[in-house]
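Asks: In full-length UniProt numbering, the protein residues as written are 1 to 235. Where a beta carbon is used, it is the ideal one built from N, C-alpha and C, also for glycine. So that we are looking at the same thing, I have put the structure below in structure tokens.
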Amino acid sequence: MSAAYAQLHQLLKHLYHAEQLLEHGPRRIVAAQNKVAAAEQACVDQKEQIQLLKKAADQNSLNLKSREADIQKLTGQLNQASSNKEYDIIQAQISAAKAGDAELEDKILSLFSQIDEATEELASRQEQLDLAKQKSSDVAAEVKEKEPGLKAEVSRLTAEIEQVEKAIPGGESNSAYKRLRASMGPSALALVDDGFCSECNTGATQQDVVRMNLGEFVLCRACGRILYQVGHEAS
Ligand SMILES: [Zn+2]
Numbered sequence: 001m002s003a004a005y006a007q008l009h010q011l012l013k014h015l016y017h018a019e020q021l022l023e024h025g026p027r028r029i030v031a032a033q034n035k036v037a038a039a040e041q042a043c044v045d046q047k048e049q050i051q052l053l054k055k056a057a058d059q060n061s062l063n064l065k066s067r068e069a070d071i072q073k074l075t076g077q078l079n080q081a082s083s084n085k086e087y088d089i090i091q092a093q094i095s096a097a098k099a100g101d102a103e104l105e106d107k108i109l110s111l112f113s114q115i116d117e118a119t120e121e122l123a124s125r126q127e128q129l130d131l132a133k134q135k136s137s138d139v140a141a142e143v144k145e146k147e148p149g150l151k152a153e154v155s156r157l158t159a160e161i162e163q164v165e166k167a168i169p170g171g172e173s174n175s176a177y178k179r180l181r182a183s184m185g186p187s188a189l190a191l192v193d194d195g196f197c198s199e200c201n202t203g204a205t206q207q208d209v210v211r212m213n214l215g216e217f218v219l220c221r222a223c224g225r226i227l228y229q230v231g232h233e234a235s
């Protein structure tokens, strides 16, 4: 009887493990798909950023051209100046326009270098996206490959557990077992090791030990788990 509890405990642990792996598969697929979506979004964001930089560079280039036209126009006016005073005023306007030009040119150069950097970043993000897609398809294939084996293991273990559960006395014991298993899974049972419950470390009483040796249904007085011993088979 005690051996049946030990076997039941092992089977419940294996079942729990197989079920965890089975549930873990779809979660891994979703996680990998989420990474692909995030990597795709990162590329979209970067492309938008590059577009904005290009637009700013174009606008500044246009401004520069229009300023150059202004300077040409002022230079023409300079030649037709009718007085020294007028000449000086136009000269000052030309100087101011040229100073503004230099600033604009710097700004445009800086934008071009930002576009280069952003384009490199986009290439790196696209590599990340390719890796994420590869990983996602690998994960999906792996999960799909393992699923039938895990499902078969779950059914095999479930059938074995049903057989071993027959060793549990009916009535109150059986409903206590069902309740414990539903709430705690494999942790519904606890091995008594050297006289102590291995889950909560509470000592089993002499009476518990005698009853366990008889293969009776014994619950830990502290944690309520089903207790069993190994190597103390009732004869
Ligand atoms: Zn206990």
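Are the stretch 169-184 and the stretch 36-49 in contact at 8 Å, needing three or more beta carbon pairs?
Replies: Judged by Cβ distances under 8 Å, the stretch 169-184 makes no contact with the stretch 36-49, as fewer than three pairs qualify.
Asks: How long is the line joining the alpha carbons of Ala4 and Gly170, rounded to whole angstroms?
Replies: Working through the sequence shown from its first residue, we reach residue 4 at position 4. Working through the sequence shown from its first residue, we reach residue 170 at position 170. One C-alpha to the other measures close to 15 Å.
Asks: Does the Cβ-Cβ distance between Ala190 and Leu227 come in under 7 Å?
Replies: In the sequence shown, counting from the first residue as 1, residue 190 sits at position 190. In the sequence shown, counting from the first residue as 1, residue 227 sits at position 227. Yes, they are a contact pair.
Asks: Do the stretch 22-36 and the stretch 142-153 touch if we need at least three Cβ pairs shorter than 8 Å?
Replies: Contact between the stretch 22-36 and the stretch 142-153 is present, because at least three Cβ pairs lie under 8 Å.
Asks: If I follow the unbroken alpha helix (DSSP H) through Ala96, where does it start and stop?
Replies: Taking the first residue of the sequence shown as position 1, residue 96 is located at position 96. Run containing Ala96: Asn84 to Val164, per the alpha helix (DSSP H) assignment.
Asks: Whose CA, out of Val192, Ala99 and Ile71, lies closest to the CA of Asn213?
Replies: Against the sequence shown, residue 213 aligns to sequence position 213. Nearest C-alpha to Asn213: Val192.
Asks: Tell whether a beta-carbon distance below 7 Å holds between Ala132 and Ala31.
Replies: As a working mapping, residue 132 is identified with position 132 in the sequence shown. As a working mapping, residue 31 is identified with position 31 in the sequence shown. In this structure, Ala31 does not lie closer than 7 Å to Ala132 by Cβ.
Asks: Assuming contact is defined by CB atoms lying nearer than 7 Å, are Val210 and Ser136 in contact in what I supplied?
Replies: Translated into the one-based positions of the sequence shown, residue 210 becomes position 210. Translated into the one-based positions of the sequence shown, residue 136 becomes position 136. Result no, Cβ atoms of Val210 and Ser136 do not sit closer than 7 Å.
Asks: How about Ala123: is its Cβ closer than 6 Å to a heavy atom in ligand 1?
Replies: Within the sequence shown, residue 123 is the residue found at index 123, counting from 1. Incorrect: Ala123 has no Cβ contact closer than 6 Å to ligand 1.
Asks: With DSSP run on the structure shown, which of helix, strand or coil describes Ala176?
Replies: For the purposes of this step, residue 176 is taken as the residue at position 176 of the sequence shown. Three-state DSSP puts Ala176 in a helix.
Asks: According to DSSP, what are the bridge partners of Leu197?
Replies: On the sequence shown, position 197 is the one that residue 197 refers to. In the sequence on display, residue 197 carries Cys and not Leu. BP columns for Cys197 point to Val192.
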